[in-house]
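**Q** The structure that follows is given in the form of structure tokens.
In the numbering used here, the protein residues as written are 26 to 278.
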């Protein structure tokens with residue numbers, strides 16, 4: 026695994042409060058831990074200087090829902106993902122006095138982490154601040170799909186997004202590795218289970234917007250009749266609104 030996790034990329038983390046913790050952990054406390062403790066510690070390291078936290082626009086509950094299973098998004102762009110394989114990263118705390126019960130976040134929340142390598146980015150249209158909204162398109166093509174076809178699919182999608190109001194630019198990434206609570210507990214030396222590693226979509230486009238993407242644009246993306254999308258094993262489209270920025274506030278700029 027570690028030999029592939031290097032170069033520019035980001036950690037992409039989606040989460041929700043576990044249903045089993047709903048009686049002891051509220052959303053306010055969860056986000057206080059995230060912002061004031063966890064992310065603050067992360068951006069103080071040498072390898073991660075930028076952190077962004079967003080919330081799904083269709084969030085119905087901090088426990089997740091059918092439309093937004095894990096409504097909280099945090100991501101951390103970095104120059105070299107190899108930092109995540111070193112001792113400094115592994116020493117980032119997952120236990121906090123802010124949290125109830127054991128104080129261990131993996132006992133209280135369901136957290137999926139994807140290690141995403143940077144594929145490319147389009148030119149920003151006069152970007153002066155972090156994007157207020159993200160339209161995130163993620164797919165897992167069938168195994169026989171060539172990289173050229175995947176690139177063509179996302180280029181067509183980016184062209185459509187670029188014509189929409191509020192468009193800023195697009196960042197493209199690919200999956201290098203993924204872990205959920207079980208693998209994260211093992212990483213931190215905590216008791217774990219035999220839960221299988223997650224299999225999220227393998228290619229992703231993050232379209233940045235200054236205003237919420239229109240329903241027309243979302244429909245255009247969803248209704249794409251390209252072979253890549255129609256035959257894909259997985260296909261996800263989500264919109265997130267900016268909640269907080271920490272560190273230098275740079276997203277591959």
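Positions of the beta carbon are idealized from the N, C-alpha and C atoms, including for glycine.
So residue 201 and residue 72 are in contact, right, with Cβ under 8 Å, and what is the actual spacing, rounded?
**A** At roughly 16 Å, the Cβ-Cβ gap does not stay under 8 Å, so residue 201 and residue 72 are not in contact.
**Q** Check whether the Cβ atoms of residue 101 and residue 77 lie closer than 9 Å to each other.
**A** Pairing residue 101 with residue 77 gives a Cβ-Cβ distance under 9 Å.
**Q** Excluding the 5 residues preceding and the 5 following residue 270 in the sequence, name in chain order all residues of the same chain whose CB lies nearer than 6 Å to its CB.
**A** 77 and 155
**Q** Based on Cα-Cα distance, which residue from 92, 254, 276 and 36 lies nearest to residue 177?
**A** 254
**Q** Less than 8 Å between C-beta atoms, sequence neighbours within five positions excluded: which residues of the same chain meet that for residue 57?
**A** 123
**Q** Note the first and the last residue of the continuous alpha helix (DSSP H) segment covering residue 176.
**A** 172-187
**Q** Does the contact criterion of 3 or more C-beta pairs under 8 Å hold for the stretch 190-200 versus the stretch 142-156?
**A** yes
**Q** Does DSSP put residue 253 in a helix, a strand or coil?
**A** helix
**Q** Excluding the 5 residues flanking residue 150 on each side, which residues of the same chain have their C-beta closer than 6 Å to its C-beta?
**A** Beyond the five residues adjoining it in sequence on each side, residue 150 comes within less than 6 Å, by CB distance, of 193 in the same chain, given in chain order.
**Q** What separation, rounded to the nearest whole angstrom, lies between the Cα atoms of residue 205 and residue 232?
**A** 25 Å
**Q** At which residues does the beta strand (DSSP E) containing residue 233 begin and terminate?
**A** 228-234
**Q** So the beta strand (DSSP E) residue 162 belongs to, where does it begin and stop?
**A** 158-165
**Q** Using the Cα positions of residue 104 and residue 32, report the straight-line distance between them to the nearest angstrom.
**A** 6 Å
**Q** Among 240, 263, 114 and 97, which one has its Cα closest to the Cα of residue 160?
**A** 263
**Q** In terms of alpha-carbon separation, which member of 75, 74 and 98 lies closest to residue 83?
**A** Of the candidates 75, 74 and 98, the residue whose Cα lies closest to the Cα of residue 83 is 98.
**Q** Taking the CB atoms as reference points, tell me whether residue 226 and residue 163 lie closer together than 9 Å.
**A** yes
**Q** Is the beta carbon of residue 30 closer than 9 Å to that of residue 109?
**A** yes
**Q** Going by Cα to Cα distance, which pick from 36, 70, 234 and 88 is closest to residue 190?
**A** The shortest C-alpha separation from residue 190 is found at 234.
**Q** Quick one: using the 10 Å Cβ neighbour count with 16 as the cut-off for buried, is residue 188 buried or exposed?
**A** exposed
**Q** Please report how far the alpha carbon of residue 91 lies from the alpha carbon of residue 224, in whole angstroms.
**A** 18 Å
**Q** Give the C-beta separation of residue 95 and residue 135 to the nearest angstrom, bearing in mind that I take them to be a contact with Cβ-Cβ under 8 Å.
**A** 7 Å
**Q** For the putative contact between residue 157 and residue 267, defined by C-beta atoms under 8 Å, what is the C-beta separation to the nearest angstrom?
**A** 5 Å
**Q** Over the uninterrupted beta strand (DSSP E) stretch that includes residue 114, give me the two end residues.
**A** No beta strand (DSSP E) contains residue 114, which is instead part of the alpha helix (DSSP H) from 112-115.
**Q** Assign residue 277 to one of three DSSP states: helix, strand, or coil.
**A** Coil, per DSSP.
**Q** Please return the same chain residues whose Cβ sits closer than 8 Å to the Cβ of residue 80, not counting the five positions on each side in sequence.
**A** These residues qualify, in order along the chain: 96, 97, 98, 265, 266 and 268.
**Q** Apply the 10 Å Cβ neighbour rule to residue 168 and answer buried if 16 or more other Cβ atoms are within range, or exposed otherwise.
**A** Residue 168 comes out exposed.
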